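There are 2 protein chains.
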Amino acid sequence: MAALQNVGIVGGGQLALMMAEAASRIGLVVEVLAVHPDDPAARIVPRTTIGDPGDGAALRELARRCEVVTFDHEMVDPAVLRDLESEGFVLRPGARAMAVAVDKERQLEVFGRLGLPVPPTNVARSLDEVAAAIAAVGGTAVLKVATGGYDGRGVLLGATADSATEWFPDRPVLVQPEMDIDAEIAVQVVRGVDGQMATYPVVRTVQHNGMCAVVQVPSGLDPGIERAAVEMAMAIASEIDVVGVLAVEFFIVDGELLLNEIAARPHNSGHITIESTCVSQFENHLRAVAGHPLGSTELVVPAAAMVNVVGSSCGGVGYGPLPTDVAVHLYGKQPRPGRKLGHVTATSESVVDATERALRAARTLENGASTP
Amino acid sequence: MAALQNVGIVGGGQLALMMAEAASRIGLVVEVLAVHPDDPAARIVPRTTIGDPGDGAALRELARRCEVVTFDHEMVDPAVLRDLESEGFVLRPGARAMAVAVDKERQLEVFGRLGLPVPPTNVARSLDEVAAAIAAVGGTAVLKVATGGYDGRGVLLGATADSATEWFPDRPVLVQPEMDIDAEIAVQVVRGVDGQMATYPVVRTVQHNGMCAVVQVPSGLDPGIERAAVEMAMAIASEIDVVGVLAVEFFIVDGELLLNEIAARPHNSGHITIESTCVSQFENHLRAVAGHPLGSTELVVPAAAMVNVVGSSCGGVGYGPLPTDVAVHLYGKQPRPGRKLGHVTATSESVVDATERALRAARTLENGASTP
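These protein sequence lines map, in sequence, to chains B and D.
Under the working numbering, the letters of the first sequence match residues 1 to 372, in that order.
Under the working numbering, the letters of the second sequence match residues 373 to 744, in that order.
Next up, the structure:
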């Protein structure tokens, strides 16, 4: 099977941007379907079309121009993807994997089918069901929309029957008890068209406001836990027949792994692979969807830490001095409070040192405007 | 002094391509003046103009649109650069540094002024002078054109009076004795607008057909030799008042350093910095010319090796399987025998292992077309 050369990317966000950065180095040509001309990838990719990724016509046009279509996000309609596939267009991941990736309820079904451990979860379809589920777990709970949530949006922590009433989004909601979480980890698996898989080193993630804030590698956790997480991630990737990167997030509660959620694309928890491994999640995603051999996922530095750069209400980005001792990735977005504007990765002999440097660098960028 | 945001690059080759890859990550917007629309940088940079970099009008247009202009190559007219500077346009490196960079005879003058060691050299301006100089060093010599040579073009090895006659390019030629070279090394210095400098770890280079073929770090050479090379490189950077990266190449003959030549831009010997150091030569060149603080040049891996991917008469690029255990950089050029088409970098615990892997990967790419 010959490798493909033209890859269409649905979405023009930072994942598409970093895919585009990786693409040209391995001889691929990418086209991007972006919502706005100032989306991160739209600003640097000459072949950019502006359109609505939820719109079948725009997707079909992209698919027509490219040999394979892949995704920067999950804001797509699985029914449209099924139609495109039945018309003979090549989507990777395919419609079946995307249908799971866009819907946390279907993710729970997959985890259940594979007998994998999940937090106790009720799926509530009405406000009455939400209230009942919250009462059943003791009066406060964590609520998550089944579809369309990201970066802390679509999640309600410490939900009571009252706060849930204001928040309820009129679509299915996952209701989970509040848990004492020891740690969170993530694994990226990359899976080729032939089913071959490679897995990245397990990373430890630290969340802040529902957004991945710090990622560290090595995780420092028990190797048995790491092995179990990697095996579960590979089982899920095979089960949903994903092509490309699958990111799998776990909670560790009372020393046990619990599956949180998955994304069938490069993921914030894998940005650290750009500097810390031989071939990054972005290049490997493209290698997989274009039918190239997968690249080595081996760690090439002793330790690394990634910290997101997030817009603050008092600062900006690009005004202060650029940090000097980390790899800087700015996405070219207009600063807004709470918006992911970039990330930095520090590599070091130790995770502690890398984390300190990355945090310092991110804070410098975030507070740039107030620096003289 | 506020940092600049719009950088114009004269030339659309692989150096401009890798500058463009680095630029967006630190919030810079680049424009490229390329000769052909299929030049490496022209293919991926939306703001590309096609024009002749030797043409004052095209350069002036680029300078008018950008806050600062920098260079992918030395095929420019120093007189035009002086004019642009006197009109108030910002060139970095400036006209004075570029006048030295484009002319090996002026480089010799600078080395002499600083009292730095060089190979015995005669500058010959006519065929008679060339013949006399060859005779003076025993009948065979190495000839190098003072201006316009690159990648083995403009160099005649083992030159005799006869072969020099056929080859003589009708412009000044450097005549040097053939030497037994123990090793070649290179140093990249990056120098800011304020004169601050950072130096990359010394690399060992292996030439093949006049082209840099293999680069290794660490160099494995005596630390005293390394220190001396770094000090000479910094002295030259200050003397010619360069802004951006200055690459300085040395021979080691009988255990002594001899200056070979310099380039006032990112250089093939520094491609290895992308994977092996905190901030690459490309990003640091841009940081310097845009007035940002210089990034750390520290090594982040134990060892690395870079090997160029060169077009062979029997193969192509992009037909065979992509190598899996190195960082691949293809420049998107049409394969031609002897043309630099890309490079690969392997990182490892040892230089020997990294070099073996990089060589194997480069040969796989070069012979792609003949691989089943």
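Even for Gly, the Cβ is constructed at its ideal location relative to N, Cα and C.
Just so we're clear, the structure is a prediction, and the values are computed from it rather than from any experiment.
Per DSSP, the unbroken alpha helix (DSSP H) holding residue 458 of chain D starts and ends at 450-458. Residue 33 of chain B has B:10 and B:49 as its beta-bridge partners, per DSSP.
For residue 668 of chain D, the chain B residues whose C-beta falls within less than 7 angstroms of its own C-beta are 324 and 325, listed in chain order. Look at the region 329-359 of chain B: the residues with a C-beta under 9 angstroms from a C-beta of chain D are 329, 330, 331, 332, 342, 346, 347 and 348. Counting only runs of 4+ residues, the alpha helix (DSSP H) found wholly inside the region 458-502 of chain D occupies 467-473 and 476-485, in chain order. Nearest CB-CB separation between residue 672 of chain D and chain B: below the 8 angstroms threshold. For residue 396 of chain D, a Cβ of chain B is located within less than 8 angstroms of the residue's own Cβ. Note: residue 306 of chain B is bridge-paired with B:215 and B:345 in the DSSP secondary-structure output.
With fewer than 16 other CB atoms across the displayed protein chains lying within 10 angstroms of its CB, residue 207 of chain B is exposed. With respect to chain D, the C-beta atom of residue 292 of chain B has a partner C-beta closer than 8 angstroms. When only Cα atoms are considered, residue 171 of chain B and residue 126 of chain B end up about 8 angstroms apart. Leaving aside the five residues that flank residue 346 of chain B on each side, the residues in its chain whose CB is nearer than 6 angstroms to its CB run, in chain order, 305, 326, 354, 357 and 358. Listed along chain D, the residues sitting closer than 8 angstroms to residue 287 of chain B by beta-carbon distance are 694. With contacts defined by Cβ atoms closer than 8 angstroms, residue 555 of chain D and residue 576 of chain D form a contacting pair. A residue is called buried when at least 16 other Cβ atoms come within 10 angstroms of its Cβ; residue 31 of chain B meets this threshold and is buried. Take residue 675 of chain D, set aside five residues on each side of it, and the residues of its chain with a beta-carbon closer than 6 angstroms to its own are 720, 722, 723 and 726, in chain order.
Taking a Cβ-Cβ cut-off of 8 angstroms, residue 66 of chain B has no neighbours in chain D, whose nearest Cβ is about 16 angstroms from it. Ranked by Cα distance from residue 42 of chain B, the first of B:197, B:89, B:179 and B:20 is B:20. For a Cβ distance threshold of 8 angstroms, nothing in chain B lies close to residue 423 of chain D: the least Cβ distance comes to about 18 angstroms. Secondary-structure assignment with DSSP links residue 431 of chain D through no beta bridge to anything. Residue 572 of chain D has no beta-bridge partner at all, per DSSP.
Scanning its chain for C-beta atoms nearer than 7 angstroms, with the 5 sequence neighbours on each side dropped, one finds around residue 592 of chain D the residues 576 and 723, in chain order. The beta carbon of residue 11 of chain B does not come within 8 angstroms of any beta carbon belonging to chain D, so the residue lies off that interface. The region 419-430 of chain D and the region 441-449 of chain D touch, with no fewer than 3 CB-CB distances between them shorter than 8 angstroms. By the rule that beta-carbons nearer than 8 angstroms mark a contact, residue 109 of chain B does not touch chain D. Here residue 89 of chain B has 60, 63, 64 and 69 as same chain residues with Cβ atoms under 8 angstroms from its own Cβ, once five neighbours each way along the sequence are excluded.
Within the same chain, 20, 30 and 32 come within 7 angstroms of residue 45 of chain B by CB-CB distance, once the 5 residues on both sides are set aside. Each residue's CA atom was taken as its position, placing residue 198 of chain B and residue 654 of chain D some 30 angstroms apart. For residue 418 of chain D, a Cβ of chain B is located within less than 8 angstroms of the residue's own Cβ. From the beta-carbon of residue 616 of chain D, no residue of chain B is found nearer than 7 angstroms; the closest lies around 16 angstroms away.
In the DSSP annotation of this structure, the continuous segment of the alpha helix (DSSP H) that includes residue 225 of chain B starts and ends at 223-239. Among the residues facing chain B, residue 399 of chain D is included, as its CB has a counterpart in that chain under 8 angstroms away. Taking residue 294 of chain B as the centre and dropping the five residues before and after it, the same chain places the C-beta of 190, 192, 196, 198, 284, 287 and 288 closer than 7 angstroms to its C-beta, in chain order. In the DSSP assignment, residue 442 of chain D falls within the beta strand (DSSP E) that extends over 440-443. Residue range 183-191 is occupied by the beta strand (DSSP E) that includes residue 188 of chain B. When secondary structure is reduced to three states using DSSP, residue 737 of chain D falls in the helix class.
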